[in-house]
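The opening position of the sequence shown corresponds to residue 96 in my numbering, with each subsequent residue numbered one higher. Inspection log for the structure reproduced underneath, given as structure tokens.
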Amino acid sequence: MTAKSKIDKQARFYESVNRNFDRAAALTTIPKGLLEQIKVCNSVYQMRFPVKIGGQYRVIEAYRVQHSHHRLPTKGGIRYSHLVNQDEIMALAALMTYKCAIVDVPFGGAKGGVKVSPRSLTVPQLEKITRRYTTELIRKGFIGPGVDVPAPDYGTGSREMAWILDTYLTFNHGEIDGPACVTGKPVAQHGIRGRTEATGRGVYYGMREFFSHKDDMKSLGMTPGIAGKTLVIQGLGNVGSYTGLICQNEGDAIIVGVSEIEGTVHNPDGIDIDKLLKFRKDRGSILGFPGTKTLKNPEDWISINCDVLIPAALESQIYVGNAKQVKAKVIAEAANGPVTAEAEIILRKMGVMIIPDMYINAGGVTVSYFEWLKNLSHQRFGRIEKRYRKDIYSGILDQIEEHTGNTVSRRDRAQLTKGADEIDLVRSGLEETMSTAYNEIREIWKRKKNVEDLRTAAFVSALNKIANDYIRMGVFP
Ligand code: NAD
């Protein structure tokens with residue numbers, strides 16, 4: 096690694112996001128001062144709190160950043176990692192603002208981070224830290240259904256969200272809308288079906304939309320459609336595993352490489368992701384999975400021959416030092432910020448298309464929004480109308496049979512008269528959201544002068560929407 100590329104890898108993530116912001120902002124007519132207001136983080140809460148672990152005092156470093164208050168509540172995940180720092184959380188909070196605007200989720204962006212390594216802590220220790228962190232957020236008014244609503248991110252999941260909810264309700268006893276203070280909760284604890292898979296499913300819907308445009312594929316030298324496309328995934332956590340499973344099982348894509356912290360496995364004929372996940376659960380590693388070759392160098396996944404690279408682990412994974420090794424024609428940024436701004440310049444010259452993070456991984460926040468709506472309406476989607484619709488559709492089929500003399504098979508009748516369940520509504524709402532948002536971005540990319548790539552187009556779309564909010568609402572006082 097050269098000195099320059101090393102600096103680029105360590106480059107400040109927030110600066111990288113802002114560089115992309117500036118590139119797009121220059122192509123808008125938004126007033127300069129307003130652009131500055133949209134760009135900056137509105138509130139940054141840096142905290143240190145003590146926990147007692149094994150009889151010892153331990154000081155925990157943690158953050159919550161609310162990037163934009165133009166719409167409330169603010170929204171964004173909580174990350175647990177030993178790498179957490181203020182710059183990273185500010186960058187992630189900013190990305191949340193733009194992401195919400197792109198998929199028309201009416202929230203400002205936020206992000207939280209706790210500097211701990213979850214693997215080195217026991218479950219009770221993690222619970223203690225989570226509850227204390229939540230208490231700090233409550234004390235400073237940094238959490239609440241109409242204020243700021245966290246969700247899972249790297250290193251956290253539904254278990255942590257349940258602890259956050261319980262802590263919030265302990266201090267806000269009787270608050271009827273309390274469960275909307277956090278999303279990504281277990282289904283039995285006010286969560287919503289389809290949230291766990293949502294980011295990966297959104298990546299699939301977004302890629303399917305991207306590959307559906309014949310003209311775009313022609314100029315990339317690719318055939319339309321996701322079926323048969325070869326993918327390499329970095330990170331087999333929440334986002335990476337569901338992306339792989341759904342692309343493989345519903346999209347007929349072929350996963351030819353998977354990279355995890357222990358190394359990379361490669362098979363040009365395809366790796367069954369269901370079986371690989373089970374293998375890793377049993378053995379604690381993907382290495383040695385039958386039929387695959389092991390690549391030991393941590394960055395080997397980048398140079399595997401494939402159609403799409405899907406980084407789904409952490410930021411700054413593709414940087415100046417390794418960007419030239421990319422063989423894929425497309426990078427789908429399932430993780431936040433996996434390509435540095437400097438590396439993107441190289442990739443653009445190489446003709447690599449990037450489907451940007453702030454669009455492609457927006458499925459999580461979209462379904463989080465559905466969960467928040469569910470919590471505020473105090474009912475499961477589909478519960479009230481499912482039976483009613485089933486009866487109406489049955490009646491229509493009866494009439495068709497009577498008037499045509501034909502009979503609809505039992506299987507078709509069951510399918511046609513099935514009223515929608517919560518999971519059906521969530522998936523269809525997500526599919527519609529990802530499809531509409533892609534076409535909005537693509538329209539800007541194709542029609543607007545000087546917009547050369549999808550990331551710039553996504554930024555232009557987000558900035559115009561946020562600026563419109565400020566302009567229409569006015570500025571207080
Ligand atoms: P996760 O903790 O569930 O999984 C991350 C996985 O990446 C882990 O299995 C980890 O071992 C692996 N990993 C870490 N470093 C690696 C490396 N150098 N090489 C290969 N694998 C590595 O986290 P997640 O929730 O899946 O989040 C992943 C990314 O997606 C993050 O950038 C996050 O901000 C972003 N994201 C997550 C969500 C969500 O709903 N969880 C939504 C949008 C974006």
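Each residue gets a CB set at the ideal place from its N, CA and C atoms; glycine is no exception. Remember, predicted model here, so these are calculated numbers, not experimental data.
Item to complete: Take P406 and list the residues in its own chain whose beta-carbon comes closer than 6 Å to its own, dropping the five residues that flank it on each side.
Response: Counting from one through the sequence shown, the residue named residue 406 turns up at place 311. Once the five neighbours on either side are set aside, the close Cβ partners of P406 are Q329, Q412, A430 and P433.
Item to complete: Taking only heavy atoms of the ligand NAD into account, decide whether any of them is closer than 8 Å to the Cβ of I334.
Response: For this step, residue 334 is matched to residue 239 along the sequence shown. In the sequence as displayed, the identity of residue 334 is Val instead of Ile. At least one heavy atom of the ligand NAD is nearer than 8 Å to the Cβ of V334, so yes.
Discussion item. Considering just the uninterrupted stretch of the alpha helix (DSSP H) at H498, what are its terminal residues?
Written reply: Residue mapping note: residue 498 aligns to position 403 of the sequence shown, counting from 1. Here the alpha helix (DSSP H) through H498 covers K481 to T499.
Worksheet item: Within 10 angstroms of its Cβ, does D377 collect 16 or more other Cβ (buried), or is it exposed?
Response: Your numbering for residue 377 matches position 282 in the sequence shown. D377 is exposed by the Cβ-count criterion.
Practice prompt. Report the partner residues of P213 according to the DSSP bridge assignment.
Written response: Here residue 213 refers to the residue found at position 118 of the sequence shown. In the DSSP assignment, P213 is bridged to no other residue.
Practice prompt. Round the Cβ separation of I349 and L326 to the nearest angstrom and send it over; I've been treating them as touching at under 8 Å.
Written response: As a position in the sequence shown, residue 349 is number 254, starting the count at 1. As a position in the sequence shown, residue 326 is number 231, starting the count at 1. The C-beta separation of I349 from L326 comes to about 7 Å, placing the pair in contact by the 8 Å criterion.
Item to complete: Could you work out which residue in R254, N333 and G352 is closest to K324 when comparing CA atoms only?
Response: Position 229 of the sequence shown holds residue 324. It is G352 whose Cα lies nearest to the Cα of K324.
Practice prompt. Would you kindly report the start and end of the unbroken beta strand (DSSP E) that includes Y158?
Written response: Here the question's residue 158 lines up with position 63 in the sequence shown. Unbroken beta strand (DSSP E) run through Y158: Q151 to Q161.
Worksheet item: Out of G273, H498 and G339, which has the shortest C-alpha to C-alpha gap to S472?
Response: For the purposes of this step, residue 472 is taken as residue 377 along the sequence shown, with counting starting at 1. Among G273, H498 and G339, the Cα nearest to that of S472 belongs to G273.
Discussion item. Quick check: what's the CA-CA separation for I238 versus L390?
Written reply: Here residue 238 corresponds to residue number 143 of the sequence shown, with the count starting at 1. Here residue 390 corresponds to residue number 295 of the sequence shown, with the count starting at 1. Taking the straight line joining both Cα atoms gives about 44 Å.
Worksheet entry | Extent of the continuous beta strand (DSSP E) to which K388 belongs | Taking the sequence shown and counting its residues from 1, one reaches residue 388 at position 293. That run of the beta strand (DSSP E) goes K388 to L390.
Worksheet item: Which term fits D117, buried or exposed, when burial requires 16 or more other beta carbons within 10 angstroms of its beta carbon?
Response: Taking the sequence shown and counting its residues from 1, the one referred to as residue 117 is at position 22. So D117 ends up on the exposed side.
Worksheet item: Can you find a heavy atom of the ligand NAD that lies under 8 Å from the Cβ of D248?
Response: The sequence position of residue 248 within the sequence shown is 153, counting from 1. Under cutoff, so the answer is yes.
Discussion item. Can you determine whether any heavy atom of the ligand NAD sits closer than 8 Å to the C-beta of L382, and answer yes or no?
Written reply: In the sequence shown, counting from the first residue as 1, residue 382 sits at position 287. For the ligand NAD, not one heavy atom lies less than 8 Å from the Cβ of L382.
Worksheet item: If you follow the alpha helix (DSSP H) that M185 is part of, which residue opens it and which one closes it?
Response: Your numbering for residue 185 matches position 90 in the sequence shown. Its alpha helix (DSSP H) spans residues Q181 to I197.
Practice prompt. In the DSSP assignment, find the alpha helix (DSSP H) that holds D507 and state where it starts and stops.
Written response: The count along the sequence shown starts at 1 and reaches residue 507 at position 412. According to the DSSP assignment, D507 belongs to the alpha helix (DSSP H) that extends over R505 to L511.
Practice prompt. Starting from G301, follow the alpha helix (DSSP H) in both directions and report where the run begins and ends.
Written response: Residue numbering aside, residue 301 sits at position 206 when the sequence shown is read from its first letter. G301 -> alpha helix (DSSP H) spans A293 to F306.
Fill in: Close Cβ partners of L167 (< 7 Å) along its chain, the five nearest in sequence each way excluded
As a first step, residue 167 is located in the sequence shown; it is residue number 72 there, counting from the start. Scanning its chain for C-beta atoms nearer than 7 Å, with the 5 sequence neighbours on each side dropped, one finds around L167 the residues G203, G241 and V242, in chain order.
Worksheet item: Between the C-alpha atoms of I173 and G301, what's the straight-line distance to the nearest angstrom?
Response: As a working note, residue 173 is residue 78 in the sequence shown. As a working note, residue 301 is residue 206 in the sequence shown. If you draw a straight line from the Cα of I173 to the Cα of G301, it is about 24 Å long.
Worksheet item: Does at least one heavy atom of the ligand GTP sit under 8 Å from the Cβ of T435?
Response: Judged by which ligands are present, the ligand GTP is missing from the structure shown, whose ligands are the ligand NAD.
Discussion item. Tell me the DSSP secondary structure of Q474 in three-state form.
Written reply: As a position in the sequence shown, residue 474 is number 379, starting the count at 1. Three-state result, Q474: coil.
Discussion item. Can you determine whether any heavy atom of the ligand NAD sits closer than 8 Å to the C-beta of A407, and answer yes or no?
Written reply: Sequence index remark: in the sequence shown, residue 407 carries index 312 (1-based). A407: yes, Cβ under 8 Å from the ligand NAD.
Discussion item. Rounded to whole angstroms, what is the Cα-Cα separation between E231 and G208?
Written reply: For the purposes of this step, residue 231 is taken as the residue at position 136 of the sequence shown. For the purposes of this step, residue 208 is taken as the residue at position 113 of the sequence shown. If you take the alpha carbons of E231 and G208, they lie about 13 Å apart.
Worksheet entry | Spatial neighbours of A408 in its chain, beta-carbon cut-off 6 Å, leaving aside the 5 residues before and after | As a first step, residue 408 must be located in the sequence shown, where it is residue number 313. When the five nearest sequence neighbours on each side are left out, the beta carbons in the same chain lying within less than 6 Å of the beta carbon of A408 are those of Q329, G330 and A430, in order along the chain.
Discussion item. Are there any heavy atoms of the ligand NAD lying less than 8 Å away from the beta-carbon of Q420, as far as the coordinates show?
Written reply: Reading the sequence shown from its first residue, position 325 is the one you call residue 420. Exclusion of Q420 from the 8 Å shell around the ligand NAD follows from its C-beta lying no nearer than that to any non-hydrogen atom of the ligand.
Discussion item. Please report the distance separating the alpha-carbon of T229 from that of Q474.
Written reply: To locate residue 229, count along the sequence shown from 1; it is residue 134. To locate residue 474, count along the sequence shown from 1; it is residue 379. Roughly 26 Å separates the two Cα atoms.
Worksheet item: Mapping DSSP to helix, strand and coil, what is T325?
Response: In the sequence shown, the residue the question calls residue 325 occupies position 230. Reduced to three states, the DSSP call for T325 is strand.
Worksheet item: Grouping DSSP H, G and I as helix and E and B as strand, with all else coil, what is P247?
Response: As a first step, residue 247 must be located in the sequence shown, where it is residue number 152. Under the three-state reduction of DSSP output, P247 falls in the strand class.
Worksheet entry | Between the CA atoms of T262 and D402 - distance to the nearest angstrom | Numbered from 1 along the sequence shown, position 307 holds the residue referred to as residue 402. Numbered from 1 along the sequence shown, position 167 holds the residue referred to as residue 262. Straight-line Cα distance between these residues: approximately 45 Å.
Practice prompt. Counting only the same chain and skipping the five closest in sequence on each side, list residues whose C-beta sits under 8 Å from that of D347.
Written response: Residue numbering aside, residue 347 sits at position 252 when the sequence shown is read from its first letter. The beta carbon of D347 is closer than 8 Å to those of I321, A322 and G323 in its chain, skipping five residues each way along the sequence.
Practice prompt. Name, in chain order, the residues that DSSP records as bridge partners for Y175.
Written response: In the sequence shown, residue 175 corresponds to position 80, counting from 1. According to DSSP, which records beta bridges pairwise, Y175 is partnered with V209.
Worksheet entry | With 16 other Cβ atoms within 10 Å as the buried cut-off, status of Q161 | The sequence position of residue 161 within the sequence shown is 66, counting from 1. Counting other Cβ atoms within 10 Å of its Cβ, Q161 reaches 16 or more and is therefore classed as buried.
Item to complete: Indicate the three-state DSSP secondary structure (helix, strand or coil) for V434 in the structure shown.
Response: Taking the first residue of the sequence shown as position 1, residue 434 is located at position 339. Looking at V434 - three-state DSSP - the assignment turns out to be strand.
Practice prompt. On the DSSP bridge assignment, give the partners of Q141 in chain order.
Written response: In the sequence shown, residue 141 corresponds to position 46, counting from 1. Its beta-bridge partners are Y158.
Worksheet entry | Reference S215, options R303, S176, K309 and F374, closest by Cα | Translated into positions along the sequence shown, residue 215 becomes position 120. Checked all of R303, S176, K309 and F374; the closest Cα to S215 is S176.
Discussion item. With a threshold of 8 Å on Cβ separation, who are the neighbours of G286 within its own chain once the five nearest residues in sequence on each side are excluded?
Written reply: Stepping through the sequence shown from its first residue, residue 286 is reached at position 191. Within the same chain, G286 has close Cβ partners S253, M256, T278, G279, K280 and E466.
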